[in-house]
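S.K.: Before anything else, here's the structure in question.
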Amino acid sequence: MEEEKKNICALCYKTDKREVELVKKHDTLFCPNCKTTLILKWETPLGRYSEMWKENSEKIYPYLRPDIYQDEMPNPRLFFLYEDCYVNMLIGRYNAAIVLMGVLLEALMKERIHLKTGVVFKGAYGPALSEIEIKNLMQMGDIRFLREFKDSVRNLYQHADIEEILRGTYVRVWPIQFEGELTAEKLKKAHEQAKDGKIKPLLLPAANFPAFAAIIKQKRDRAISIMLFNRVYDFVRGAMVKYFKQEEYDEHKKMFGDKMAELPHYTIE
Ligand SMILES: [Zn+2]
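Sequential numbering from -8 applies to the sequence shown in my numbering.
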């Protein structure tokens, strides 16, 4: 009989002479002791992703404003864009969620312009906001919110300006030089000395370290996206009540006509 071959963690064996069996989960093998993870590229990642999405949604759900249903947001264009933001928040794609908040606000402004002027506005966020301001299509406080969002969030995320996003964010760095060959033992020793405070860290701007900047940004995105999502949500809910009233739709039809009504219709007897 053939003996079953076990997968042993090479790192634990090398550093502690311990035989720790790797555990298979979806498309990964991981060591329960040192947390080393290996990806098995011939397996599908779908199980890993769906588990990650489920865990993330359950964790973040209580921090987000309650769900909106389609009948509470009768404009389907805006409702689908809201869902894009919401679902990305749930599955933990915070950068995407923030970018899409900008898209949602831009579409909301364009819908407002169309409703009041009959014009299908083609410009981007900035020009749409100027149009709203010039034509007095929203209240001052709302215009201020949209402008602040543009300057401090939308422009940076739309153009993936990581330097600007991380401005003012500092990281602790332990500069260590290893003599000779780099081994697991040396790394472990360095880690312990840093942990015990024998080696002191330097405080440096996060944007200076391209290798870590993206990871630091992800952490930061999570924290700010919850706050931003809730602010955008409140703004959009308020806008639905203030700027998309039934009377305004009726008035729009009277002034600019009803494209659907102009079409030749079939008659069902
Ligand atoms: Zn291990």
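Every residue, glycine too, gets a C-beta built ideally from N, C-alpha and C.
Since the model is a prediction, treat every value here as computed from it, not as a measurement.
Say yes only if the C-beta of V14 is nearer than 7 Å to one or more non-hydrogen atoms of ligand 1, and no if none qualify.
M.R.: Translated into the one-based positions of the sequence shown, residue 14 becomes position 23. V14 Cβ: outside cutoff for every heavy atom of ligand 1.
S.K.: Of the choices K208, A181, M100, whose alpha-carbon is the least far from that of E170?
M.R.: To locate residue 170, count along the sequence shown from 1; it is residue 179. Cα-wise, what sits closest to E170 is A181.
S.K.: Quick check: the region 218 to 229 against the region 92 to 103, are at least 3 beta-carbon pairs closer than 8 Å?
M.R.: They touch, by the three-pair rule.
S.K.: Between N(-2) and E12, how many whole angstroms is the CB-CB distance? I'm expecting something under 8 Å.
M.R.: Start at 1 with the first residue of the sequence shown, and residue -2 comes out as number 7. Start at 1 with the first residue of the sequence shown, and residue 12 comes out as number 21. Their Cβ separation, rounded to whole angstroms, is 7 Å, which keeps N(-2) and E12 in contact under 8 Å.
S.K.: Just the Cα atoms here: how many angstroms apart are I215 and K26?
M.R.: Here residue 215 corresponds to residue number 224 of the sequence shown, with the count starting at 1. Here residue 26 corresponds to residue number 35 of the sequence shown, with the count starting at 1. Each residue's alpha carbon lies about 29 Å from the other.
S.K.: Tell me, please, whether the region 104 to 123 touches the region 162 to 176 by the rule of three or more beta-carbon pairs shorter than 8 Å.
M.R.: Contact fails: fewer than three Cβ-Cβ distances are below 8 Å.
S.K.: Report the partner residues of I30 according to the DSSP bridge assignment.
M.R.: One-based indexing of the sequence shown puts residue 30 at position 39. T19.
S.K.: Are there 16 or more other CB atoms within 10 angstroms of the CB of Y77, so buried, or fewer, so exposed?
M.R.: As a first step, residue 77 must be located in the sequence shown, where it is residue number 86. Buried: at least 16 other Cβ atoms inside 10 Å.
S.K.: Taking Y234 and P196 to be in contact with their CB atoms under 8 Å, please state how far apart those CB atoms are, rounded to whole angstroms.
M.R.: As a working mapping, residue 234 is identified with position 243 in the sequence shown. As a working mapping, residue 196 is identified with position 205 in the sequence shown. Rounded, the Cβ-Cβ distance is 41 Å, inconsistent with contact.
S.K.: Quick one: what does DSSP say V196 is sitting in, helix, strand or coil?
M.R.: Residue numbering aside, residue 196 sits at position 205 when the sequence shown is read from its first letter. Residue 196 is actually Pro in this sequence, not Val. In this structure, P196 counts as strand in the three-state DSSP scheme.
S.K.: Quick test of your reading: T6 and K189, contact by CB under 8 Å. State the CB separation rounded to the nearest angstrom.
M.R.: Sequence index remark: in the sequence shown, residue 6 carries index 15 (1-based). Sequence index remark: in the sequence shown, residue 189 carries index 198 (1-based). Incorrect: roughly 20 Å between the Cβ atoms, too far for contact.
S.K.: Quick one: what does DSSP say E242 is sitting in, helix, strand or coil?
M.R.: For this step, residue 242 is matched to residue 251 along the sequence shown. Helix at E242.
S.K.: If you follow the beta strand (DSSP E) that V164 is in, where does it begin and where does it stop?
M.R.: Along the sequence shown, one-based indexing puts residue 164 at 173. Counting along the chain, the beta strand (DSSP E) containing V164 begins and ends at 161 to 164.
S.K.: Would F71 be called buried (16 or more neighbouring beta carbons within 10 Å of its own) or exposed?
M.R.: Reading the sequence shown from its first residue, position 80 is the one you call residue 71. It counts as exposed.
S.K.: Thinking just about the alpha-carbon of each residue, which of F140, Q61, D212, L157 is nearest to the one in R228?
M.R.: Numbered from 1 along the sequence shown, position 237 holds the residue referred to as residue 228. Closest by alpha carbon: Q61.
S.K.: Contact defined as beta carbons within less than 8 Å: I believe D212 pairs with I134. What is the distance between those atoms, to the nearest angstrom?
M.R.: For this step, residue 212 is matched to residue 221 along the sequence shown. For this step, residue 134 is matched to residue 143 along the sequence shown. Not really, about 26 Å apart at Cβ, beyond 8 Å.
S.K.: DSSP three-state call for E10: helix, strand or coil?
M.R.: Here residue 10 corresponds to residue number 19 of the sequence shown, with the count starting at 1. Reduced to three states, the DSSP call for E10 is coil.
S.K.: Measure from the alpha carbon of I51 to the alpha carbon of each residue in M64, G38, G83, P255, then state which is nearest.
M.R.: Working through the sequence shown from its first residue, we reach residue 51 at position 60. Ranking M64, G38, G83, P255 by Cα distance to I51 puts G83 first.
S.K.: Quick check: the Cα distance between D152 and K208, rounded to an integer number of angstroms?
M.R.: Position 161 of the sequence shown, counted from the first residue, corresponds to residue 152. Position 217 of the sequence shown, counted from the first residue, corresponds to residue 208. Using only the alpha carbons, I get a separation of about 11 Å.
S.K.: Quick one: what's got a C-beta closer than 8 Å to D58's C-beta in the same chain, skipping five residues either side?
M.R.: Stepping through the sequence shown from its first residue, residue 58 is reached at position 67. Answer for D58: Y77, listed in chain order.
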